[in-house]
Structure formats: C-alpha cells, structure tokens
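Student: Encoded as structure tokens, here's the structure I'll be asking about.
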Amino acid sequence: MASICIGGPRVCRGKRRHAEIASIASVQSMTAATGFGSMVGFCCGMFAKRAGSAAAITLGGIVTLFQLAAWGGYIKVNWDKISADTVRTFDFDKSGKLDHGDVSFALKETVTVLSSNMGVSGAGFAAGFALGLRK
Numbered sequence: 004m005a006s007i008c009i010g011g012p013r014v015c016r017g018k019r020r021h022a023e024i025a026s027i028a029s030v031q032s033m034t035a036a037t038g039f040g041s042m043v044g045f046c047c048g049m050f051a052k053r054a055g056s057a058a059a060i061t062l063g064g065i066v067t068l069f070q071l072a073a074w075g076g077y078i079k080v081n082w083d084k085i086s087a088d089t090v091r092t093f094d095f096d097k098s099g100k101l102d103h104g105d106v107s108f109a110l111k112e113t114v115t116v117l118s119s120n121m122g123v124s125g126a127g128f129a130a131g132f133a134l135g136l137r138k
C-alpha cells in the first residue's frame with residue numbers, strides 16, 4: 004500500500020521527499036489579494052447594477068416621452084432607424100442582432116477593464132462583480 008506524503012519533509016518508502024507547499028506568507032498574501040479583489044469586484048458590481056438601473060429608467064422615460072409626443076402628433080419618430088443604429092452600435096459579435104453573445108462580450112470586457120492593473124485576483128474580482136450584480 005502506497006503512502007501519501009503531504010506537507011513538509013516526510014519519509015516515504017525509506018526515501019526523504021519534500022512536497023512543495025506555499026509558505027504561510029504567500030498564502031496570506033494570495034488570500035488577501037483574492038479577498039480584496041472580491042470586495043472591490045462586489046462594489047463595482049453593485050455600482051454597475053445601480054448605474055444600469057438608472058440608465059434604464061432614464062432611457063425608458065425618454066422613449067415614453069417621445070412616444071407620447073408622436074402619439075399626440077407633435078413629432079414623428081423613425082423607430083426603424085433608431086433600432087438599426089442601436090444594433091449597429093451594440094452588436095459586438097457582428098451577428099446583425101442584439102443577443103446573449105453581445106451581453107456576454109460586454110460583461111467580460113467590463114470585468115477585464117475594471118480588474119486590469121489593480122494587482123488583485125481576477126477570479127476574486129469576477130466572483131465579487133457577479134455577486135454585486137445580483138444584490
């Protein structure tokens with residue numbers, strides 16, 4: 004039966020083996036970076052959610068006002084042109100339509116931009132960002 008060597012130097016089958024383990028300082032540093040990245044990601048995610056909600060409310064209000072003005076005969080809104088321009092602007096995967104791929108691309112780019120050059124764990128930041136978006 005084979006023995007399993009975990010941790011520092013052990014004697015396994017008569018031979019001295021050294022398992023590679025991270026020092027306590029590097030584990031603490033990694034944990035601190037991941038924890039900080041998660042916290043910063045959470046805050047950025049909450050901000051993105053609130054900013055997105057504010058943008059959606061503003062856009063909804065503008066569309067409502069335009070539609071009411073068009074219904075009242077004050078203006079004529081070319082919704083087909085607005086739709087085409089919106090698709091052209093936000094169609095990141097160039098599929099010709101706004102879909103899940105565009106949202107996924109935008110989210111990945113947002114996390115990449117927000118977590119770059121911070122020296123924090125990207126995985127911790129992404130997890131915190133996702134949690135912040137859900138809160």
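Start counting the sequence shown at 4; every next residue gets the next number (our numbering).
No residue lacks a Cβ here, since even glycine has one placed at the ideal position from N, Cα and C.
At what residues does the alpha helix (DSSP H) containing Ser107 begin and finish?
Tutor: Stepping through the sequence shown from its first residue, residue 107 is reached at position 104. Residues 103-118.
Student: Determine, using beta carbons only, whether Ala58 and Leu136 come nearer to each other than 8 Å.
Tutor: Sequence index remark: in the sequence shown, residue 58 carries index 55 (1-based). Sequence index remark: in the sequence shown, residue 136 carries index 133 (1-based). No; because the gap between Cβ atoms is not below 8 Å, this pair is not in contact.
Student: To the nearest angstrom, how far is it from the Cα of Thr92 to the Cα of Ser41?
Tutor: Taking the sequence shown and counting its residues from 1, the one referred to as residue 92 is at position 89. Taking the sequence shown and counting its residues from 1, the one referred to as residue 41 is at position 38. Distance between the alpha carbons of Thr92 and Ser41 is about 31 Å.
Student: Within this structure, are the beta carbons of Leu141 and Cys47 separated by less than 8 Å?
Tutor: The requested residue 141 does not occur in the structure, where the chain is confined to residues 4 to 138.
Student: Less than 8 Å separating the beta-carbons of Phe108 and Gly44?
Tutor: Here residue 108 refers to the residue found at position 105 of the sequence shown. Here residue 44 refers to the residue found at position 41 of the sequence shown. No, the Cβ-Cβ distance between Phe108 and Gly44 is not below 8 Å.
Student: Report yes if the C-beta distance between Val66 and Ala73 is below 8 Å; otherwise report no.
Tutor: Position 63 of the sequence shown holds residue 66. Position 70 of the sequence shown holds residue 73. Going by C-beta atoms, Val66 is not nearer than 8 Å to Ala73.
Student: The alpha helix (DSSP H) that contains Lys138, what's its start and end?
Tutor: Working through the sequence shown from its first residue, we reach residue 138 at position 135. Here Lys138 belongs to no alpha helix (DSSP H), and DSSP marks it neither H nor E.
Student: Measuring CA to CA, which of Lys84, Ile85, Phe69, Ser86 is closest to Ile78?
Tutor: Here residue 78 refers to the residue found at position 75 of the sequence shown. Here the closest residue by C-alpha is Phe69.
Student: Assign Gly1 to buried or exposed, taking buried as 16 or more other Cβ atoms, counted over all protein chains shown, within 10 Å of its Cβ.
Tutor: As displayed, the chain neither begins before 4 nor continues past 138, which places residue 1 out of reach and without an answer.
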